[in-house]
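Written below as structure tokens is the structure these notes are about.
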Amino acid sequence: MKKLTALTFPLLALSSSLLLSGAALAAEEKKPEAAPAAPTATAPAAPTATAPAAPTAAFTVPDPVATVNGVPISKAAFSQYAQQLRGKTKVDSPEASKTLIEQLVLEELLVQEAGKQKLAEDPQFKQQLEMVQRNLLASTMVRKMLSANAPSEEMIKKEYETAIAAMKGNEYKASHILVDSEDKAKEVIAELKKGGKFAELAKAKSSDSSAAKGGDLGWFAPNMMVPPFAQAVAKLEKGKYSETPVQTPFGWHVILLEDTREAPRLHWRS
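The following block contains the structure:
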């Protein structure tokens, strides 16, 4: 690919300054010079009322906002560019408008230079352009499908009721000690039977991240845990620990059931 020459950017800057619409970027007219003051009398002048300042004329963006080598940049293109950069279509100051217009002019100059160098014919550019086009088409189609098939309030309520029915039951508050072998789990159980404190043993022996909290897992529903763990918890009495190790894909557990409660039910809108 060709590269921009050292003279390109001075030319770009010159083109920018010549092609911007001067009237579009000026918010105020040049004020006339004040006439020389006439000699004043020695007597004090009578007080006069101060005239209110004239309101500043509202700034409006012209159409086109600029012309680059004969190519106009429309007001619509300016508004779209402003929206992409700032999340709004209205630009209410000459300074902000001038900055955006200069960026658009520079962009147009670069596009024109790229056209002269036939960069659009480069195979790598064509491949990237095709990927962007495919992604844009796919995302547009997804938005269209979601808009056309948006679930009704009744459908949402029905799905919620179905999910709640499947989750109906108790929630559990438990702690556990996780080790990497059945023998180690049995050793923990033996220490508990001798009067060991569950939280202290969890801090000393558990490999789970909950060890720092004494093995505390907080409140959870059975479907939040792997089946062997949930089934073991459901069989325990409040305040009791599992006297046989519980195996899961994570290792071997000793579980203490601290409390149970009926699962809270939120309104479907929540």
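Numbered according to our numbering, the sequence shown spans residues 175 to 444.
For every residue, glycine included, the Cβ atom is placed at its ideal position computed from N, Cα and C.
Note that the coordinates shown come from a computational prediction; the quantities given were computed from them, not determined experimentally.
Cβ-based burial, residue i [other Cβ within 10 Å; buried from 16]
i, result
"E282", "buried"
"S380", "buried"
"L274", "buried"
"V316", "exposed"
"V306", "exposed"
"V242", "buried"
"T336", "exposed"
"A256", "buried"
"V428", "buried"
"E202", "Note that E202 scores 39 on pLDDT, short of 50, meaning its location in the model is unreliable; the coordinates nonetheless yield the value given after this. It counts as exposed."
CB of residue i within 8 Å of CB of residue j, strictly
i, j, result
"G425", "V362", "no"
"L431", "V407", "yes"
"G388", "A378", "no"
"S349", "D390", "yes"
"K360", "P423", "no"
"P396", "Q421", "no"
"W393", "E333", "no"
Of the residues the options, the one placed nearest residue i, counting alpha carbons only
i, options, result
"G343", "Q277, R435, V245 and F372", "R435"
"M399", "E328, S380, L274 and K347", "K347"
"S416", "L366, N397 and W393", "L366"
"T234", "D433, A404, A437 and S271", "S271"
"V279", "K368, R308, F252 and D296", "F252"
"A250", "G244, P238 and L259", "P238"
"G244", "L259, Q286, E304 and Q258", "Q286"
Backbone CA spacing between residue i and residue j [nearest angstrom]
i, j, result
"A385", "K331", "40 Å"
"Q277", "A240", "11 Å"
"Q254", "I247", "12 Å"
"M319", "G370", "60 Å"
"A322", "P268", "42 Å"
"Q405", "K414", "15 Å"
"E328", "E411", "40 Å"
"D433", "D357", "27 Å"
"A312", "S326", "24 Å"
"L293", "R308", "20 Å"
"Q298", "E304", "10 Å"
"A437", "I351", "25 Å"
"D296", "L310", "21 Å"
"Q409", "S355", "With the sequence shown as reference, residue 409 is identified as Lys, and Gln is not the correct amino acid for it. Those two C-alpha atoms are separated by around 22 Å."
"Q291", "T314", "32 Å"
"P236", "L284", "23 Å"
Residue i, enclosing alpha helix (DSSP H) - first and last residue
i, result
"S349", "It is not in any alpha helix (DSSP H) - S349 instead sits in the beta strand (DSSP E) that spans N344 to V353."
"L311", "P297 to A322"
"V245", "V245 -> not in any alpha helix (DSSP H); beta strand (DSSP E) instead, spanning V245 to I247."
"D157", "An answer regarding residue 157 cannot be provided, because it is not within the stretch 175 to 444 covered by the chain."
"V285", "P268 to K290"
"E374", "F372 to K379"
Extent of the continuous beta strand (DSSP E) to which residue i belongs
i, result
"V242", "A240 to V242"
"F394", "D390 to F394"
"Q421", "V420 to T422"
"V400", "Looking at the DSSP string, V400 is not in any beta strand (DSSP E), and its letter there is neither H nor E."
"D433", "G425 to E436"
Residue i CB to nearest heavy atom of the ligand NAD below 7 Å
i, result
"A376", "With respect to the ligand NAD, the structure shown offers nothing to examine, as it has no ligands at all."
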